[in-house]
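>
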Amino acid sequence: MSTATEANDRPLRADAARNREKIVLAAAKVFAERGLDATLDEIATAADVGVGTVYRRFPDKDSLVAALFEKKIDDLATLAQQAGLIEDSWDGFVWFLEQVLARQCENKGLRDVLAGSPYAHDAMEAAASRIVPLVMALIQRAQRDGYLRPDLVEADVTVLEKMISSLASTAHDTPELWRRYLAIILDGLVVR
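So for the sequence shown, my numbering puts the first residue at 5; every next one is plus one.
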């Protein structure tokens, strides 16, 4: 991770940088477990710092969410690029969906962000806009190769991801249940 800086680009003192890192790590854990409804007070408790320290590093929840999830959205864009390099277009499309859904099902906060949470909406929308052309390229490539039904569009994939990832919040005793429903949906998307 790069050296943390204040808003005016001055490097943080060592103790302030440590506190910022503790806050980010705690927020990642708390948001993954409880989603974006978790409070900054809960994050401060998990980071073992005062809530005032959280507010000194992050003036509001939006800035913390943006700092934490922009990297995760960038990672999803990288996955889409990697999927495009897989020789078989169907395998690339399926691999991408599996990777994205695994991450969403493991991380309630990421699921909230991708579902359109109001927190850090502008920052997340800008980051997510990089993914759409990459996903469209995966879809069009699999359609061109005759694997994927021709009427599928990117918005369909987004809805399917939301539907499948929502299982994670209801199927606590069967955390891999999403894979079953992905297989069923993929069976309906493949050209016969």
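All residues carry an ideal CB built from backbone N, CA and C; glycine is no exception.
If leucine 72 and phenylalanine 35 are in contact, beta carbons under 8 Å, what's the gap, nearest whole angstrom?
7 Å
> Between which two residues does the alpha helix (DSSP H) carrying leucine 193 extend?
181-193
> In terms of residues, what are the limits of the alpha helix (DSSP H) holding phenylalanine 62?
No alpha helix (DSSP H) contains phenylalanine 62, which DSSP labels as neither H nor E.
> Would you kindly report the start and end of the unbroken alpha helix (DSSP H) that includes threonine 162?
158-169
> According to the neighbour-count rule (16 or more other Cβ atoms, all chains shown, within 10 Å of its Cβ), is leucine 152 buried or exposed?
It counts as buried.
> Residues in the same chain with beta-carbon distance under 7 Å from glutamate 129, minus the five sequence neighbours each way, listed in chain order, please.
none
> Could you check the C-alpha separation between valine 163 and tyrosine 123 for me, to the nearest Å?
20 Å
> Tell me the DSSP secondary structure of leucine 40 in three-state form.
Looking at leucine 40 - three-state DSSP - the assignment turns out to be coil, as it is neither helix nor strand.
> Near valine 199, which residues of its chain fall below 8 Å by C-beta distance, leaving aside the five closest residues on each side in sequence?
The requested residue 199 is not part of the displayed model; the chain covers only 5 to 196.
> What does the alpha-carbon distance come out to for the pair aspartate 64 and glutamate 102?
33 Å
> Ignore the nearest five residues each way along the sequence and tell me which others in isoleucine 90's own chain have a CB closer than 7 Å to its CB.
Gly96, Trp99
> Residue range of the alpha helix (DSSP H) that valine 104 falls in?
93-110
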